[in-house]
Amino acid sequence: MDESPDLCKVDVGQLLDIRWKLGLAVSSDECKNLNFPFVTMTLKTADSSGQEHSRTVEMTLTQFRNMSKQLQEMAKSMETV
Amino acid sequence: MADDTKSFLALLNGLTRKSYYGQSEISEDFLKEQIYPDLSQEDFDHLLTRCRGLLKSMVSADMDMTQLEVFLTAQSKKREAPLTEEQMNAVRKFWKSNKTKIHESIISQTMWGSTLQKVSWRIDLKSQARHVSEINAPSAIMELQIADSLQKDKEADVVRFEMSEDKLSTVLSSMQDIEEQINQYVQK
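As given, the protein sequences belong to chains A and B, one line each in that order.
Counting in the UniProt record's numbering, the final residue of the first sequence is number 81, and the numbers go up one at a time with none missing.
Counting in the UniProt record's numbering, the final residue of the second sequence is number 188, and the numbers go up one at a time with none missing.
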């Protein structure tokens with residue numbers, strides 16, 4: 001995390017809610033046999049002034065599993081604090 | 001005629017790099033010059049159309065090796081310009097090493113929204129807080145870099161948020177729900 005010193009500032013929002021869906025892209029103009037699963041997630045956060053923000057992000061399964069792994073590591077590391 | 005295999009393979013590879021691996025600077029003239037310098041322009045154009053057609057069919061169906069054999073057999077029995085044994089060998093070799101990579105490239109070209117580029121996190125201990133109970137409670141801070149997949153040169157947006165231990169466990173259970181759904185609906 002050393003590459004983002006900005007993070008040291010306290011203006012970090014609170015996570016309010018996560019909504020998700022699992023989708024399967026079946027077919028496209030280039031590939032009739034696309035068969036590509038993806039996760040879409042909407043993150044609702046509130047900044048320090050209480051203003052709410054929503055952000056939607058698409059992930060491949062690899063990206064999703066990486067995020068999930070990072071969250072598990074966070075939880076593990078939180079237990080030791 | 002082993003040379004035919006080599007040239008045909010080179011042409012397939014060149015077209016693939018141009019169409020699927022983002023090397024659009026590879027021109028048809030360049031391919032002709034490098035691979036078939038002695039072929040007439042007309043014959044080269046025919047070959048080019050042929051290769052494009054083969055690629056398009058294989059990519060569109062994301063053929064497995066069995067489907068490829070059926071496809072190649074049909075192509076070798078065509079009345080007009082049937083595929084030669086050398087060309088078929090080139091296609092087999094080409095598809096074996098490129099099938100997965102091309103499909104992945106097609107997939108990433110099909111992601112049009114915001115995609116997750118990077119995940120980082122940090123655990124903080126609050127030394128000061130509005131409520132006494134929050135003091136020394138650990139807090140998880142996550143940073144997501146979200147990029148517009150259609151505008152690769154645009155800098156990624158950064159979304160940061162904080163989670164209490166409780167919130168984090170709620171999020172984790174959502175992740176588990178998603179994973180379960182994936183295992184249920186997506187065959188590996």
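Virtual Cβ for every residue (Gly too), placed ideally from N, Cα, C.
The Cβ of residue 30(A) sits closer than 7 Å to at least one Cβ of chain B.
With a threshold of 7 Å between beta carbons, residue 160(B) makes contact with chain A. Taking the Cα positions, residue 9(B) is about 28 Å away from residue 27(A). Residue range 114-125 is occupied by the beta strand (DSSP E) that includes residue 114(B). Relative to residue 37(A), the option among 78(A), 76(A), 63(A) and 67(A) whose CA is nearest is 63(A). No Cβ of chain A is located within less than 7 Å of the beta carbon of residue 105(B).
When the Cα atoms are used, residue 106(B) and residue 69(A) turn out to be separated by approximately 26 Å. For the pair residue 60(A) and residue 71(B), the Cα-to-Cα distance works out to about 30 Å. Taking a beta-carbon distance threshold of 7 Å, residue 39(A) counts as an interface residue toward chain B.
The C-beta distance from residue 22(A) to residue 39(A) rounds to 6 Å, short enough to meet the 8 Å contact threshold. Here residue 172(B) is not near residue 140(B), since their CB atoms are 7 Å or more apart.
A residue is called buried once 16 or more other Cβ atoms fall within 10 Å of its Cβ, and residue 112(B), having fewer, is exposed.
At a Cβ-Cβ threshold of 7 Å, residue 26(B) and residue 7(B) do not count as neighbours.
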